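For reference, the structure discussed in these notes is given below.
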Amino acid sequence: MQTPPPKVTIEAEPFIPYVEESAYPENLKPVLEPYKRRMGFIPNALKLYMHRPEIAETLWTLNSRIMRDPSSTIDQQLKRKLAAVACAINGCAYCTAHSCAMLKRPRGMEGEEGWGLSEEELQSLIAGTYVPKNEFERICFDYVRAASADPTSVPEEILERLKRHLTPPQVIELACVVGFWKFYNTVHDSLHIPIESFLLRDTGYVDLAPVHASK
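Going by this note's numbering, the sequence shown opens with residue 299, and the numbers climb by one from there.
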């Protein structure tokens with residue numbers, strides 16, 4: 299498979315200015331530094347959230363609690379895959395590019411998150427042709443696709459399968475993955491947050507999502 303063409307080719311300017319790193323509050327460094335190490339850079343979205351550091355701290359803590367907390371009941375790699383699918387279905391090129399780039403990033407880079415997925419694996423994941431490893435994975439993907447496309451119309455059949463294959467804590471954690479990325483996608487899309495120049499090649503993945511493409 300070929301990498302989908304990027305939706306944009308030049309990094310845009312934000313419509314409100316970024317907060318300079320030198321102006322970041324000292325009390326946020328314990329939250330920001332691990333985020334920066336994991337990503338390998340400070341995303342443009344974070345530079346805008348810094349206009350409201352009180353909100354930023356809460357959002358970054360929530361992100362970590364949902365996506366990678368030691369208490370997690372769902373595998374971190376699976377949640378990263380599910381997040382990429384949710385972002386693509388929601389049509390958010392910014393978050394889809396970030397999620398897909400992270401999934402493709404090689405494993406073992408010090409301090410950074412990477413999962414080493416091949417281009418073929420990644421495209422099948424976003425396009426909905428990925429074959430789940432088991433029924434647990436299958437229902438997770440089915441729920442995330444349905445809930446991201448229309449949270450008011452998740453079929454009872456999917457809810458019954460959730461109850462059969464997941465524990466109650468896992469159901470709540472999975473629902474929070476959907477809800478968190480719906481929130482992030484809405485904020486980032488509505489503010490037209492510019493995608494970082496080195497991630498522009500990854501913006502085309504959003505067009506592979508079948509639900510988004512049919513809208």
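Here a beta-carbon is modelled for each residue, glycine too, at the ideal position from N, C-alpha and C. On a predicted model such as this, the values are computed, not experimentally measured, just so you know.
Point to revise | Closest by C-alpha distance to GLU471, when choosing among PRO328, GLU331 and SER370 | key: Here residue 471 refers to the residue found at position 173 when the sequence shown is read from its first residue. Selected option, being the one with the closest Cα: SER370.
Exercise for review: Please determine if the region 490-510 and the region 384-399 are in contact, where contact requires at least 3 C-beta pairs separated by less than 8 Å.
Suggested key: yes
Exercise for review: Specify the secondary structure class of ALA507 as computed by DSSP and reduced to three states.
Suggested key: Translated into the one-based positions of the sequence shown, residue 507 becomes position 209. The answer is coil: DSSP assigns ALA507 none of H, G, I, E or B.
Check your understanding: Sorted by chain position, which residues of the same chain lie with C-beta nearer than 6 Å to PRO467's C-beta, five sequence neighbours on each side aside?
Key -> Within the sequence shown, residue 467 is the residue found at index 169, counting from 1. The answer, listed in chain order, is THR371.
Check your understanding: Counting only runs that start and end within the region 409-465, where is the alpha helix (DSSP H) found for 4 or more residues in a row?
Key -> 417-425, 433-447 and 454-463
**Study point:** Three or more C-beta pairs below 8 Å linking the region 338-354 and the region 306-317
**Key:** yes
Exercise for review: Out of ARG363, LEU420, ALA321 and ILE456, point me to the one whose CA is closest to ARG350's CA.
Suggested key: Here residue 350 refers to the residue found at position 52 of the sequence shown. Of ARG363, LEU420, ALA321 and ILE456, the smallest CA-CA separation from ARG350 is found for ALA321.
Practice item. Assign ARG443 to one of two classes, buried (16 or more other C-beta atoms within 10 Å of its C-beta) or exposed (fewer than that). Key: In the sequence shown, the residue the question calls residue 443 occupies position 145. Label assigned to ARG443: buried.
Practice item. Have a look at PRO430 and ARG436 and give me their C-alpha separation to the nearest angstrom. Key: Along the sequence shown, read from residue 1 onward, the residue named residue 430 stands at position 132. Along the sequence shown, read from residue 1 onward, the residue named residue 436 stands at position 138. The alpha-carbon atoms of PRO430 and ARG436 are separated by roughly 5 Å.
Check your understanding: Can you give the beta carbon distance from LYS402 to LEU423, rounded, assuming they're within the 8 Å contact cut?
Key -> If you number the sequence shown from 1, residue 402 lands on position 104. If you number the sequence shown from 1, residue 423 lands on position 125. Going by Cβ atoms, the distance from LYS402 to LEU423 rounds to 11 Å, so no, they are not a contact pair.
Exercise for review: For GLY389, name the three-state secondary structure that DSSP assigns.
Suggested key: For the purposes of this step, residue 389 is taken as residue 91 along the sequence shown, with counting starting at 1. The answer is coil: DSSP assigns GLY389 none of H, G, I, E or B.
**Study point:** Residue closest to ASN483, alpha-carbon to alpha-carbon, out of CYS385, LEU420, GLU309 and PRO332
**Key:** One-based indexing of the sequence shown puts residue 483 at position 185. Of CYS385, LEU420, GLU309 and PRO332, the residue nearest in Cα terms is CYS385.
Review point. What are the start and end residues of the alpha helix (DSSP H) that includes MET365?
Key: Within the sequence shown, numbered from 1, the residue matching residue 365 stands at position 67. Segment 351-366, the alpha helix (DSSP H) holding MET365.
Practice item. Closer than 8 Å by C-beta to LYS513: which residues in its own chain qualify, once you throw out the five before and the five after it? Chain order, please. Key: Here the question's residue 513 lines up with position 215 in the sequence shown. For LYS513, the predicted structure reports a pLDDT of 41, less than 50, and the residue's modelled location is therefore unreliable. A value from the coordinates is still provided. The answer, listed in chain order, is GLY389.
Point to revise | Beta-carbon proximity of PHE434 to ILE364, cut-off 8 Å | key: As a first step, residue 434 must be located in the sequence shown, where it is residue number 136. As a first step, residue 364 must be located in the sequence shown, where it is residue number 66. It is not a contact, given that the beta carbons lie outside the stated cut-off.
Exercise for review: For GLN521, count neighbouring C-beta atoms within 10 Å of its own C-beta (all shown protein chains included) and say buried if the count is 16 or more, exposed if not.
Suggested key: Outside the displayed range of the chain (299 to 513) lies residue 521, so it cannot be described from this structure.
Practice item. Specify the secondary structure class of ARG403 as computed by DSSP and reduced to three states. Key: If you number the sequence shown from 1, residue 403 lands on position 105. In this structure, ARG403 counts as coil in the three-state DSSP scheme.
Practice item. Give the range of the alpha helix (DSSP H) segment to which ALA343 is assigned. Key: The residue labelled residue 343 in the question sits at position 45 within the sequence shown. Counting along the chain, the alpha helix (DSSP H) containing ALA343 begins and ends at 342-347.
**Study point:** Cut-off 8 Å between Cβ atoms - residues of its own chain near THR465, not counting five sequence neighbours on either side
**Key:** As a working mapping, residue 465 is identified with position 167 in the sequence shown. If you ignore the 5 residues before and after THR465, its C-beta comes within less than 8 Å of the C-beta of THR371, all in its own chain and listed in chain order.
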